[in-house]
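Contents: one structure, followed by commentary.
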Amino acid sequence: MSTLAVIFNAEFVRRIRSRPYLIGTAIGALGVALIAVIPSFMVHAVSSSTRNLVLVGPPALTTPAGAALRPDFSVVAVLPRLDATPTLAFLDAHRHASAVATLSRTGSRLHALVYARDPSLFPSSFARDLGPLQIALATGAPLESVRSRLTVPIDVRDVAGRFENAGEADAAKAVAYLFVLLLYLAILLNAQAISTSVTEEKTNRIAELLVAAVDPVQLLTAKILAATATGFVQLGVWTAIGFLAGSKLTEGFTNGDVGANAGPLAISSSEILLFVAFFLVGFAQYSVLFAGGASLVSRTEDVGSITGPLMLPVVGAFVLAQLGIQFPNGPLMSSASFVPLLAPFVMFTRIAVTPVPAWQIALSLAINVAAAILFALIAGRVYRVGMLLYGRPPSLRQIVAAMRA
86 MSTLAVIFNA EFVRRIRSRP YLIGTAIGAL GVALIAVIPS FMVHAVSSST
136 RNLVLVGPPA LTTPAGAALR PDFSVVAVLP RLDATPTLAF LDAHRHASAV
186 ATLSRTGSRL HALVYARDPS LFPSSFARDL GPLQIALATG APLESVRSRL
236 TVPIDVRDVA GRFENAGEAD AAKAVAYLFV LLLYLAILLN AQAISTSVTE
286 EKTNRIAELL VAAVDPVQLL TAKILAATAT GFVQLGVWTA IGFLAGSKLT
336 EGFTNGDVGA NAGPLAISSS EILLFVAFFL VGFAQYSVLF AGGASLVSRT
386 EDVGSITGPL MLPVVGAFVL AQLGIQFPNG PLMSSASFVP LLAPFVMFTR
436 IAVTPVPAWQ IALSLAINVA AAILFALIAG RVYRVGMLLY GRPPSLRQIV
486 AAMRA
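According to our numbering, the sequence shown is numbered sequentially starting from 86.
Next up, the structure:
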């Protein structure tokens with residue numbers, strides 16, 4: 086077995102059995118599950134709390150109004166009149182209704198007086214739903230006839246042919262956000278672990294023995310490969326948890342209106358391969374920078390002074406990717422999809438939500454693979470110098486001299 090394989094196996098086993106790694110994986114899985122579930126539960130809770138409605142008025146108004154409001158409201162009670170102004174106790178007694186709507190008619194005009202639990206949350210769809218009833222009362226036309234004439238069928242098509250409807254486009258944006266978040270978490274957790282590992286070896290003087298027996302570039306390469314392998318293990322766990330939580334949530338609300346506009350989560354095999362490719366490239370770029378930077382410090386508590394600035398492009402790339410979900414073809418997004426450290430986030434976002442020319446994908450991969458190799462060469466030389474210097478970080482002159490060697 087080669088030296089590289091021996092170091093890789095030892096580093097992989099050490100990392101995957103470490104308590105911080107296991108805790109980080111568990112916390113990440115919980116976070117992904119919460120991100121997948123909480124928004125829909127919040128929408129469901131808000132929707133449920135604002136749907137229940139008590140109608141008050143003569144049957145000639147409440148009967149057609151109840152039918153008109155059915156798409157957006159659940160009429161829990163119909164009363165001919167109110168004996169007093171409704172209170173919170175009154176609303177709670179009627180299945181925790183969100184509001185009481187008293188309907189009256191003056192000539193051909195319909196009037197509604199609403200007593201809401203929270204006026205700011207009372208849906209504006211109430212007036213829209215009663216619009217056809219107002220026209221029917223004014224014209225004498227049947228309500229169903231008015232409603233059919235007011236409904237305008239709209240079929241929205243994607244000019245690029247990427248999606249069949251708006252639901253599929255929304256689902257693609259959700260997938261892009263999830264995958265970019267997974268890449269962000271993987272880099273954030275594992276790059277930090279690499280930095281800590283390098284610094285601990287240097288602090289414990291283990292680095293002197295390792296560098297004396299093994300080529301520093303091989304040692305750095307083995308660490309990066311082990312971190313990438315454990316990163317993929319985390320990624321697999323988080324992805325499985327995310328899709329499992331999403332599918333269970335969808336099953337739970339099949340009879341409701343939560344996610345009614347969402348389309349199928351159709352992910353092609355080519356998109357998965359491209360995500361893996363950009364994940365590998367991005368992970369490698371950041372890992373070698375964090376490892377090389379960590380070799381410049383002699384104490385674990387000083388790691389933050391190095392990793393802090395290196396986190397800025399990670400956060401910036403994540404923010405740009407969020408903008409790219411909404412504006413994937415803007416000049417800023419198109420340019421950022423070729424820039425090393427940014428492209429792994431931005432380019433995959435563009436691929437997920439809009440057709441991207443094949444030449445742009447190939448050029449972005451080529452540029453970023455070349456950048457990863459360049460970063461590795463520079464980090465390897467910095468690593469060779471930094472791991473053998475204790476007490477103080479190497480000077481800029483020493484680093485430049487090591488890179489030229």
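Cβ coordinates follow ideal geometry from the N, Cα and C atoms, glycine included.
Is Q28 buried or exposed, if buried means 16 or more other CB atoms sit within 10 Å of its CB?
Residue 28 is absent from the model: the chain starts at 86 and stops at 490.
Option in R202, P416, L268, V98 with minimal Cα separation from L365
L268
Less than 8 Å separating the beta-carbons of R202 and L167?
no
Please report the residue range of the beta strand (DSSP E) in which A174 lies.
Looking at the DSSP string, A174 is not in any beta strand (DSSP E); the run it does join, the alpha helix (DSSP H), is 173 to 178.
Pick out whichever of R232, A251, E229, L228 has its Cα sitting closest to the Cα of I239.
A251
Below 8 Å CB to CB, which residues in the same chain sit around L448 once its five sequence neighbours on both sides are set aside?
F423
Just reading off the alpha helix (DSSP H) that V438 is part of, what are its end residues?
428 to 438
Sequence-distant residues of its chain with Cβ nearer than 7 Å to V431 (five each side left out)
A402, L405, A406, G409, M418, A421, S422
Please confirm if the stretch 134 to 149 is in contact with the stretch 194 to 209, defined as three or more CB-CB distances below 8 Å between the two stretches.
yes
Which of the three DSSP states, helix, strand or coil, is assigned to T170?
coil
Leaving aside the five residues before and after L273 along the sequence, list all residues of the same chain whose C-beta is less than 7 Å from its C-beta, in chain order.
V399
Could you tell me if A278 is buried or exposed, where buried requires 16 or more neighbouring beta carbons within 10 angstroms of its beta carbon?
buried
Exposed unless 16 or more other CB atoms sit within 10 angstroms - verdict on R100:
buried
Mind checking which residues open and close the alpha helix (DSSP H) that includes L140?
Note, L140: premise wrong, no alpha helix (DSSP H); beta strand (DSSP E) at 137 to 141.
Of the residues A145, T281, I357, R102, which one's Cα is nearest the Cα of I391?
T281
Measure the Cβ-Cβ separation of L195 and Q219 and say whether it is below 8 Å.
yes
Leaving aside the five residues before and after K258 along the sequence, list all residues of the same chain whose C-beta is less than 7 Å from its C-beta, in chain order.
I410, V438
How is L381 classed by DSSP in three states: helix, strand or coil?
coil
Please work out which residues of its chain come closer than 8 Å, Cβ to Cβ, to E336, disregarding the five sequence neighbours upstream and downstream, and give them in chain order.
With a pLDDT of 47 at E336, under the threshold of 50, the modelled position of that residue is not reliable, and the figure given next carries that caveat. Contacts found: none.
Identify every residue that forms a DSSP beta bridge with L195.
R190
Could you check which residue in A307, L235, A461, T170 has the C-alpha nearest to that of E96?
A307
Would you mind sorting N453 into buried or exposed? The rule is 16 or more other CB atoms within 10 Å of its CB.
buried
Cβ neighbours of L310 in the same chain (closer than 6 Å, five flanking residues each side left out):
F93
To which residues of the same chain is A347 closer than 6 Å at the C-beta, ignoring the five residues directly before and after it?
Reliability of the predicted coordinates at A347 is poor, the pLDDT of 48 falling under 50, and the value obtained from them is presented with this limitation in mind. G252, D255, A256, listed in sequence order.
Report yes if the CB atom of G367 is closer than 8 Å to the CB atom of A464, and no otherwise.
no
Please name the residue in P440, A461, L459 whose C-alpha comes closest to that of D243.
P440
Counting beta carbon pairs with one atom in the stretch 149 to 160 and one in the stretch 100 to 118, are three or more of them shorter than 8 Å?
no
In the DSSP assignment, find the unbroken alpha helix (DSSP H) run with V399 in it and report its ends.
388 to 411
Residues near T170 in its chain [Cβ-Cβ closer than 6 Å; skip 5 each side]:
none
Between L89 and I112, what straight-line distance do the alpha-carbon atoms span, to the nearest angstrom?
31 Å
Quick one: is V361 buried, meaning 16 or more other Cβ sit within 10 Å of its Cβ, or exposed?
exposed
Express the C-alpha separation of A182 and S354 in angstroms, rounding to a whole number.
47 Å
Inter-residue Cα distance where the pair is T236 and L146
22 Å
If you check the beta carbons only, do V388 and A379 fall under 8 Å apart?
yes
Cα separation between L450 and Y468?
26 Å
By a C-beta neighbour count over all protein chains shown, 10 Å radius and 16 as the cutoff for buried, is D214 buried or exposed?
buried
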